[in-house]
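Below you'll find the structure, written out as structure tokens, and then a few comments.
There are 2 protein chains.
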Amino acid sequence: MKKYNFNAGPSLFPDSVLEAAAKAIFDFDGTGLSVLSYSHRTPEFEAVVEESKSLFKELLNIPDNYSIYFVGGGATTQFFHIPANFLYGKAGYINTGVWTKKAIKEAKLYGTVEVLASSEDRGFRYIPKGFEIPADLDYLYICANNTIFGTEYKVDLDSPVPLIADMSSNILSRPIDVSKYAMIYGGAQKNLAPAGVTFAIIRNDMLDKIERELPMMMNIKNHVDNNSMLNTPPIFPIFVLRESLRWIKAQGGVEEIHRRNEEKAQMLYAEIDRNSLFRAPVDEADRSSMNICFVMAEGKESLESKFLEFAISKGMVGIKGHRLSGGFRASCYNACPKENVEALVACMQEFEKMYK
Amino acid sequence: MKKYNFNAGPSLFPDSVLEAAAKAIFDFDGTGLSVLSYSHRTPEFEAVVEESKSLFKELLNIPDNYSIYFVGGGATTQFFHIPANFLYGKAGYINTGVWTKKAIKEAKLYGTVEVLASSEDRGFRYIPKGFEIPADLDYLYICANNTIFGTEYKVDLDSPVPLIADMSSNILSRPIDVSKYAMIYGGAQKNLAPAGVTFAIIRNDMLDKIERELPMMMNIKNHVDNNSMLNTPPIFPIFVLRESLRWIKAQGGVEEIHRRNEEKAQMLYAEIDRNSLFRAPVDEADRSSMNICFVMAEGKESLESKFLEFAISKGMVGIKGHRLSGGFRASCYNACPKENVEALVACMQEFEKMYK
Chain A
1 MKKYNFNAGP
11 SLFPDSVLEA
21 AAKAIFDFDG
31 TGLSVLSYSH
41 RTPEFEAVVE
51 ESKSLFKELL
61 NIPDNYSIYF
71 VGGGATTQFF
81 HIPANFLYGK
91 AGYINTGVWT
101 KKAIKEAKLY
111 GTVEVLASSE
121 DRGFRYIPKG
131 FEIPADLDYL
141 YICANNTIFG
151 TEYKVDLDSP
161 VPLIADMSSN
171 ILSRPIDVSK
181 YAMIYGGAQK
191 NLAPAGVTFA
201 IIRNDMLDKI
211 ERELPMMMNI
221 KNHVDNNSML
231 NTPPIFPIFV
241 LRESLRWIKA
251 QGGVEEIHRR
261 NEEKAQMLYA
271 EIDRNSLFRA
281 PVDEADRSSM
291 NICFVMAEGK
301 ESLESKFLEF
311 AISKGMVGIK
321 GHRLSGGFRA
331 SCYNACPKEN
341 VEALVACMQE
351 FEKMYK
Chain B
1001 MKKYNFNAGP
1011 SLFPDSVLEA
1021 AAKAIFDFDG
1031 TGLSVLSYSH
1041 RTPEFEAVVE
1051 ESKSLFKELL
1061 NIPDNYSIYF
1071 VGGGATTQFF
1081 HIPANFLYGK
1091 AGYINTGVWT
1101 KKAIKEAKLY
1111 GTVEVLASSE
1121 DRGFRYIPKG
1131 FEIPADLDYL
1141 YICANNTIFG
1151 TEYKVDLDSP
1161 VPLIADMSSN
1171 ILSRPIDVSK
1181 YAMIYGGAQK
1191 NLAPAGVTFA
1201 IIRNDMLDKI
1211 ERELPMMMNI
1221 KNHVDNNSML
1231 NTPPIFPIFV
1241 LRESLRWIKA
1251 QGGVEEIHRR
1261 NEEKAQMLYA
1271 EIDRNSLFRA
1281 PVDEADRSSM
1291 NICFVMAEGK
1301 ESLESKFLEF
1311 AISKGMVGIK
1321 GHRLSGGFRA
1331 SCYNACPKEN
1341 VEALVACMQE
1351 FEKMYK
């Protein structure tokens, strides 16, 4: 049976990327050696890092005064590295769910945190708007897309203080104005790479703000200065990341990927809104194009486990909602083909016919 | 031309492991889905972690009062995580080269470091012995095998204080008495996995010693309590690690791997000692079986670049010594086949005939 993977992460890859990854396990870029056994201190692997940086720059139109680096450890590691490097007085955080809560907790170890706005009052089902941003903050921190509750910032915020965004789950899913951010980072395992590598895009003036004496691996400047090779980097995840970036470019860049993502998201949200058995719990303006959450319509709650069972029987994988948000979640990252969403829509329609 | 990979790391894998890795890119353990896209929050991936822990336990005879976990970030990250978790007064470090120097520097951020012994006086070409270990130390820290200078502890030390060992480059290369160590850890990219995952074996009483308030990812107890899934773990490197452990078991376990490692090392050291053009710079008793260093014999120094060129022309990869130690280094980790060492020996003999 064909399977349709809607996991929240790690996420799907295009077939061409999987094929390139499998090939490199035996022959890395024509060297005749496995990418799993290849030294990072070689021109061949340096070329992978350089091309990845250069493709990132091209695809997101990153200005020249920014640096790009890759590092292991996941976004959760950055939750404390960011305040350790940049929080000396106060920082502002917008609380939009589990990931910002964790980031806030870590930041408190290093300085004062002002939660400028929170959507916890309505179960994190919207993105706060219209909050004041004090000018004396070291930085403002947001999570641009919230995988668990299915919300997403649809605009790049204007901030009078350095804006730092966790884009783990929506990087390269839409064009962004990088110049509005001081730092963009994320675990790459949603839209770009296998689990194990984090990307970061940082405005160079941020590197001059680091005052704290930090362990070598915690100081962000070290990663930039050492071109992502401060220690042995996660070589294979970075290799696959390059292949994903190549694929995005070959598809027509972020604009085309964005068009496809909107097409998929609109198709699924339209079905959720239309289908009498389901509803979308997130405010319409803030609905994520990446993580599409839906729950049973009022009065139909008892069908939840039946639909899950039915969807699994139709090949749907990973559509159970996170335990904190319940219901269902279809994660439709860049590499999720339109046919997967069509299959899910058909499955919802078939279920409606059975239980309307 | 056949290539013989002697890279210091990331290192070789047996063909069967590479084949399993490539297969899993399309079909992870019979699920029909890619291991690169598979969620870690699944019984299938949990089974990979459980089997890896269980194989580690079996292969190294790890007593029941120890826990095993896997985490991203590399050994360099543990250089500061270890003192952050365990250093409250004084710790003892044995300085045997670059990696212990880095570990010492990080430890000084958290407490007092006593360097109990150092081999820096003779260019780190031996392992210090007979040093006193004060009983009031929080722990004693060693690097069990020194990749850059080619030295290795051949016995498991007796220590009156908790002994912590970096075994990045010799884990599972020989039987060890785990009960003599409070913690054994290392980057797995030499003997076990692709770059991007660190293993740790820790005696459970150590977890009760953690007093410092630490970021979530820095607190070692969190990794144990969350069964290596505190955040998204490096899934693919852990998958390959399991395959390597399966391979070691299938070969006859660590005893058989050790026999092969000694056979390879003795063959190469014998040639270095015999060949009039080369010499081994490390004290005989402390020669690493993993990283076999050699330099040109006295008076033959001018042949160094010629031999490097010749060896490369014969398919040798990664035998140039580290820039800090010069000369040559053949890294012969577990998966390095005997034929690679035979090819290098033949190459050295041929070169001797040309330039004797």
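So the sequences go chain by chain: A and B. Be aware that the first sequence starts at 1, since it is given in our numbering, and climbs by one per residue. Be aware that the second sequence starts at 1001, since it is given in our numbering, and climbs by one per residue. Don't be surprised by glycine CBs; every beta carbon is placed ideally from N, CA and C. What you are looking at is a predicted structure, and each value in this text was computed from that prediction instead of being measured.
Check whether the Cβ atoms of residue i and residue j lie closer than 8 Å to each other.
i	j	result
A:F328	A:F294	yes
B:L1268	B:V1345	yes
B:E1106	A:P14	no
B:V1224	B:L1207	yes
A:K320	A:L303	no
B:K1102	B:T1076	yes
A:G72	A:V197	yes
B:Y1181	B:A1165	yes
B:K1264	B:C1332	yes
A:L157	A:G92	no
A:N261	A:R174	yes
B:I1148	B:L1324	yes
A:L192	A:V254	no
B:A1188	B:L1241	yes
A:K190	A:S168	yes
B:A1020	B:E1243	yes
B:N1227	B:V1048	no
B:F1026	B:I1235	no
B:N1334	B:I1248	yes
A:A135	A:V115	no
A:N170	A:N65	no
Which first and last residues belong to the beta strand (DSSP E) in which residue i is found?
i	result
A:T296	Sequence inspection shows Met at residue 296 of chain A; the Thr mentioned does not correspond to that position. It spans 291-296 - the beta strand (DSSP E) in which A:M296 sits, taken as one unbroken run.
A:D225	Looking at the DSSP string, A:D225 is not in any beta strand (DSSP E); the run it does join, the alpha helix (DSSP H), is 220-225.
A:D166	163-166
B:L1140	1140-1143
B:I1184	1183-1187
Contact defined as beta carbons within less than 8 Å: I believe residue i pairs with residue j. What is the distance between those atoms, to the nearest angstrom?
i	j	result
B:T1232	A:A195	5 Å
B:N1007	A:S37	7 Å
B:G1097	B:F1056	B:G1097 to B:F1056, Cβ: 26 Å. No contact.
A:I176	A:L60	6 Å
B:I1127	B:T1151	5 Å
Quick check on residue i: does DSSP put it in helix, strand or coil?
i	result
A:M316	strand
A:G253	helix
A:S331	strand
A:M114	Per the sequence shown, the amino acid found at residue 114 of chain A is Glu instead of Met. The answer is strand: DSSP assigns A:E114 an E or B state.
B:S1067	strand
B:N1261	helix
A:F236	helix
B:A1200	strand
B:F1278	strand
A:R246	helix
B:R1287	strand
B:Y1004	strand
B:E1152	strand
Which two residues bound the contiguous alpha helix (DSSP H) that contains residue i?
i	result
B:V1345	1338-1355
A:F79	75-86
B:E1204	Per the sequence shown, residue 1204 of chain B should be read as Asn rather than Glu. Note, B:N1204: alpha helix (DSSP H), 1204-1207.
B:I1094	B:I1094 -> not in any alpha helix (DSSP H); beta strand (DSSP E) instead, spanning 1090-1095.
B:L1055	1043-1060
A:I104	98-107
B:L1137	Element bounds for B:L1137: n/a, residue is neither H nor E.
A:L358	Because chain A spans 1 through 356 in this model, residue 358 of chain A falls outside it and cannot be assessed.
A:I176	Neither: A:I176 is in no alpha helix (DSSP H) and is coded neither H nor E.
B:I1025	1015-1026
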